[in-house]
Structures are given as C-alpha cells and as structure tokens.
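What follows is one structure encoded as structure tokens, with my remarks underneath.
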Amino acid sequence: MSQFRARPPAIPTTLLDDDVVRIIRWDFEPGADTGVHTHGLGYVVVPMTDCHFLIEEDGGSRTVDIARGAAYRREAGTTHNVVNRGSEFMSFVEIEYK
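Next comes the structure, spelled out in structure tokens:
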C-alpha cells in the first residue's frame with residue numbers, strides 16, 4: 130500500500146473520547162479515503178448511509194457493501210485504507226473500545 134495520496138481525504142469528527150470509548154464519525158465524498166492506518170484498539174463500525182467500501186490491505190484489495198444501520202467489529206491491529214468506491218456521499222460511526 131502506498132503512503133502517497135491521490136484521493137481526497139475522508140473527514141473524521143470525534144464525537145466522544147473518554148476513558149471507555151472513542152467515537153468518531155467518518156464522512157466520505159465519492160472517492161475519498163482514510164489513508165493507510167493501523168487500529169490500536171478494537172472497534173465497531175455502524176454505517177449511517179449505505180456504504181460501498183474498497184478496502185486496501187497489504188495482501189490486496191477487496192470490495193465490501195454494508196447497509197445503513199448494519200454493524201461489524203474488528204480486533205486491534207487491523208491495517209488498511211478505507212475508500213468510498215460508490216458514487217454517493219458515505220458516512221459511518223466508528224466506536225473504539227479502550
């Protein structure tokens with residue numbers, strides 16, 4: 130995965146950060162990405178819109194579609210870049226548990 134960016138950045142907004150959780154809303158215009166990052170904490174993602182992800186990982190890329198309101202979780206240590214591969218605005222809330 131390249132560290133250089135040719136895409137617009139996704140916009141993170143911290144909603145809550147306390148001793149128990151960190152909650153961040155991520156907003157993506159079409160084609161926007163998070164940039165390559167590694168999660169230091171386990172987390173849950175809840176899409177606020179239908180999401181059409183391109184997930185770029187060291188082993189390659191994959192596409193994932195998740196409906197608004199669905200949820201999934203991942204363990205700490207995940208390294209990836211998340212891209213909005215759709216043609217519409219996309220948003221999700223990420224809840225990291227400390």
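Read left to right, the sequence shown gives residues 130 to 227 (the numbering used here).
Glycine included, every Cβ here is placed at the ideal spot set by N, Cα and C.
Since this is a predicted model, take the numbers as computed values, not measurements.
Length of the line joining the Cα atoms of residue i and residue j
i: Ala135; j: Tyr226; result: 31 angstroms
i: Pro159; j: Leu144; result: 23 angstroms
i: Thr142; j: Leu183; result: 21 angstroms
i: Thr207; j: Asp187; result: 11 angstroms
i: Ile236; j: Val193; result: Lying outside 130 to 227, the shown extent of the chain, residue 236 is not represented and no answer is given.
Residue i vs residue j beta-carbon contact at 8 angstroms
i: His181; j: Arg214; result: yes
i: Ala161; j: Ala139; result: yes
i: Arg191; j: Tyr172; result: no
i: Ser220; j: Met177; result: yes
Closest by C-alpha distance to residue i, when choosing among the options
i: His209; options: Ser216, Asp147, Gly169; result: Gly169
i: Ala200; options: Glu185, Ile184, Glu223; result: Glu223
i: Val175; options: Asp146, Asp148, Trp155, Gly189; result: Trp155
i: Pro137; options: Val212, Ser220, Glu217; result: Val212
i: Asp179; options: Ala205, Arg151, Gly198, Asp148; result: Gly198
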